[in-house]
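Chemist: With the working numbering applied, the sequence shown has no gaps in its numbers, which climb one by one up to 294 at the end. Every residue gets a Cβ at the ideal spot worked out from N, C-alpha and C, and that includes glycine.
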Amino acid sequence: MVNRKECPICDSKKSKIFLESMDYSTSKEEFVIRECEDCNFRYTSPVPTEDRIGEYYESEDYISHSDSKKGIMNKVYHVVRNRAIKKKEKLIASFGAEKVLMDIGCGTGDFLKYCQEKGWQCSGLEPDQGARSICAEKGVKVDNIDRLHEVRKESLSVITMWHVLEHVYHLKRDFEKICSSLTNNGRLIIAVPNCSSYDAQKYGKYWAAYDLPIHLYHFRPADVKRLAIAHDMVVEQIIPMKYDSFYVSMLSEKYKGGNLINAFFNGWRSNLKANRKSNTYSSQIYVLAKKTSS
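Dropping the structure here:
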């Protein structure tokens with residue numbers, strides 16, 4: 001295990017325990033989320049070493065690497081994913097940029113396959129060998145994640161990271177590379193869970209989107225904005241992902257021994273409360289652009 005001695009965003013060495021929870025899906029080991037005492041960013045520490053963290057992804061709950069349709073959770077995931085893919089492509093097409101897309105952490109490649117069919121020049125990066133093999137079967141070009149640092153500067157008009165940023169082991173280093181790979185009028189699309197949502201507060205240590213230890217960081221809107229500013233980027237738009245509150249609540253109920261009726265009610269209530277208070281949905285999409293000089 002590696003103790004993170006500095007805040008991944010502001011480098012402060014001062015932190016306190018925010019929450020103690022566990023890996024409910026794989027190892028059942030206990031983990032801690034710390035909160036920076038200067039900028040309030042929340043991050044997991046200690047974390048598995050980089051060469052061993054892959055072991056914690058070996059769970060049937062981690063559908064994006066397997067394409068499994070076994071069980072009600074996976075069936076719900078696939079129905080929602082298929083609907084969301086079309087909306088995601090519509091979003092990136094709305095920027096009017098050249099159709100050159102890289103999806104980082106592309107899983108089994110369904111989003112990239114759909115975008116290819118819509119005329120995008122697509123590439124993907126994915127650390128999991130099994131997921132990359134599934135991509136190859138679908139005719140999607142995907143490389144190992146370590147090829148990120150070979151991407152040419154200002155070569156991509158759109159970069160997407162759908163629930164990936166919270167997994168990036170070297171946050172500052174890789175985020176800097178990602179931003180530099182965008183064209184001047186390009187867009188970086190990030191989707192992350194929101195630990196200031198109602199369902200996060202409702203479920204506490206059982207909240208499935210904490211997903212310890214593979215979620216290394218636990219973002220709120222202010223954290224994403226702070227990270228963007230530090231890399232000369234701006235957040236142009238924040239878009240809710242309304243299905244996520246239901247799926248996360250289903251997993252959270254599973255972890256605490258609850259039931260699907262409670263999951264549906266809490267997912268619905270989370271969206272209702274977020275509709276009244278902006279930027280508090282269970283998961284949100286952030287559209288980032290390079291800061292223009294004034």
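In chain order, what residues of the same chain have a beta carbon less than 6 Å from the beta carbon of Val100, not counting five sequence neighbours either side?
Modeler: If we look at Val100 and ignore the five residues flanking it on each side, its Cβ neighbours are Gln121, Leu156, Ser157.
Chemist: Going by DSSP in three states, Glu30 sits in which element: helix, strand or coil?
Modeler: Strand.
Chemist: Please give the ranges of any beta strand (DSSP E) in the segment 199-245, keeping only runs that are unbroken, at least 3 residues long and fully inside the region.
Modeler: The segment 199-245 contains these whole beta strand (DSSP E) runs: 233-240.
Chemist: In chain order, which continuous runs of the beta strand (DSSP E) of length 3 or greater are located wholly inside the segment 253-294?
Modeler: Fully enclosed beta strand (DSSP E) runs of 3 or longer: 283-290.
Chemist: With DSSP as the reference, label Asn82 as helix, strand or coil.
Modeler: Helix at Asn82.
Chemist: Per DSSP, what kind of secondary structure is Val248 in: helix, strand or coil?
Modeler: Three-state result, Val248: helix.
Chemist: Tell me the rounded alpha-carbon separation between Asp174 and Arg220.
Modeler: Each residue's Cα considered, the two are about 20 Å apart.
Chemist: Touch check for the segment 255-264 and the segment 153-172: three-plus C-beta pairs under 8 Å?
Modeler: Too few Cβ pairs lie closer than 8 Å, so no.
Chemist: In this structure, does DSSP put Gly54 in helix, strand or coil?
Modeler: It is helical.
Chemist: Pick out the complete beta strand (DSSP E) segments inside the segment 90-159, 3 residues or longer, and give them in chain order.
Modeler: Fully enclosed beta strand (DSSP E) runs of 3 or longer: 100-104, 121-125.
Chemist: If we ignore side chains and look at the alpha-carbon of each, how far apart do Ser283 and Ser197 end up?
Modeler: Their backbone Cα atoms lie some 8 Å apart in a straight line.
Chemist: Leaving out five residues on either side along the sequence, give the residues of the same chain with a beta carbon under 7 Å from the beta carbon of Arg226.
Modeler: Excluding positions up to five away in sequence, the list reads Ile9, Cys39.
Chemist: Is the number of C-beta pairs between the segment 200-220 and the segment 31-47 that are closer than 8 Å three or more?
Modeler: Cβ pair count under 8 Å is three or more, so yes.
Chemist: Closest to Asn184 by CA distance: which of Ser270, Lys5, Gly105, Asp232 is it?
Modeler: Among Ser270, Lys5, Gly105, Asp232, the Cα nearest to that of Asn184 is on Asp232.
Chemist: Going straight from the alpha carbon of Gln139 to that of Gly109, what length do you get?
Modeler: Note on identity: in this sequence residue 139 is Gly, with Gln being the wrong assignment. In a straight line, the C-alpha of Gly139 is about 9 Å away from that of Gly109.
Chemist: How big is the Cα-Cα spacing for Glu126 and Asp143?
Modeler: Roughly 6 Å separates the two Cα atoms.
Chemist: Using only alpha-carbon positions, find the residue among Phe265, Leu216, Phe264, Glu176 that is nearest to Lys290.
Modeler: It is Glu176.
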